[in-house]
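Here is the structure we will look at.
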Amino acid sequence: MVLPRMAHQRGKFPTNYRKETTDGTDIVKTLILYPDALNVIWGGPSSNNRYWKRTPITGSTGSQTEALELVGVYWLEVSGRLPLKELTKGKKYKLYFVIQMSQNSSGWENYDVWFNIRIAGQRSQRKSMRFHRLSRNNDWHNVPSDGLEFTVPQDGDTALTFAMYDIECEELKKGLLIKEVRIEEVGQ
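Count along the sequence shown starting at 1, add 13, and that's the number in this note's numbering.
Set out below in structure tokens:
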């Protein structure tokens, strides 16, 4: 049996994240999702690096890792799903995408990029920003800059869904690098 080739990347959560806890406790301070944990429209293997590609970068500890680099799309959609059992119940967190704009980035001038998070049974949160205002000098940016805040419910086996998208732009977007999605405890 031949399986169809995938035009979109489906995130694989179980092996593509890292947790940082408070010393000697189970309280999760930070959870980092790597690019392979994300769902990326037009980011799958059958796209042959036409829309997205893997780019080697140096991580915060000096180790080599990979970022997702946008080669060019009209329809930007990057999303994920995190089982909330991975975080500490009752704690408040903020979610950020950690991105960089390359020197050759374009297509970001006229439209907002939207961010959304949702926990089952709660109202979703949305924020937007314009990426063309971000520096292009190899700095990594947490976006949205003030994060998307949520509290982990005490009950249930729920999940957090999140997304970054721009599906209304009529311009080809390129030059975005995604290093990780970072979830940090508020007040640390």
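Beta carbons are placed, not taken as given, at the ideal position from N, Cα and C, and that holds for glycine. Small disclaimer: the values here were computed from a predicted structure and weren't measured.
Helix, strand or coil at residue i [DSSP, three-state]
i	result
arginine 143	coil
aspartate 170	coil
proline 27	coil
aspartate 39	coil
aspartate 152	coil
methionine 14	Summary for methionine 14: the model assigns pLDDT 40, below 50, so the residue's position carries little reliability, and this model does not support an answer.
serine 158	strand
Minimum C-alpha distance to residue i - residue among the options
i	options	result
glycine 200	Tyr178, Ala172 and Glu162	Glu162
isoleucine 191	Lys32, Gly103 and Ile45	Ile45
leucine 64	Thr71, Trp55, Gly72 and Ile70	Per the sequence shown, the amino acid found at residue 64 is tyrosine instead of leucine. Looking at the Cα atoms, Trp55 is the closest of the given residues.
proline 157	Asn29, Glu122 and Val194	Val194
leucine 81	Gly188, Ile196 and Glu197	Gly188
asparagine 155	Ile112, Ala133 and Ile196	Ile112
aspartate 159	Glu197, Leu173, Val84 and Asp152	Glu197
tyrosine 124	Thr43, Thr28, Thr174 and Glu184	Glu184
arginine 131	Pro96, Asp152 and Phe175	Phe175
tryptophan 127	Gln22, Lys140, Lys25 and Tyr109	Lys140
arginine 143	Ser137, Gly75, Arg136 and Glu122	Glu122
asparagine 29	Pro48, Thr38 and Pro58	Pro48
Where the beta strand (DSSP E) through residue i begins and ends
i	result
alanine 80	77 to 83
asparagine 117	105 to 119
serine 92	89 to 96
tryptophan 127	126 to 132
isoleucine 196	187 to 198
lysine 66	65 to 71
isoleucine 101	In the sequence under discussion, the amino acid at residue 101 is threonine, which differs from the isoleucine named in the question. Premise fails: threonine 101 is in no beta strand (DSSP E) and is neither H nor E.
CB contact below 7 Å: residue i versus chain B
i	result
tyrosine 124	Of the chains in the structure shown, none is chain B; there is only one protein chain.
Below 8 Å, how does it come out for the region 108 to 121 and the region 132 to 147: are there three or more Cβ pairs, yes or no? In short, these stretches touch, since the Cβ pair count reaches three.
Does the structure place the region 67 to 81 close enough to the region 101 to 110 that three or more beta carbon pairs sit under 8 Å? Contact fails: fewer than three Cβ-Cβ distances are below 8 Å.
Given 8 Å as the limit, is there contact between the region 84 to 97 and the region 175 to 182, that is, 3 or more CB pairs closer than that? The region 84 to 97 and the region 175 to 182 touch, with no fewer than 3 CB-CB distances between them shorter than 8 Å.
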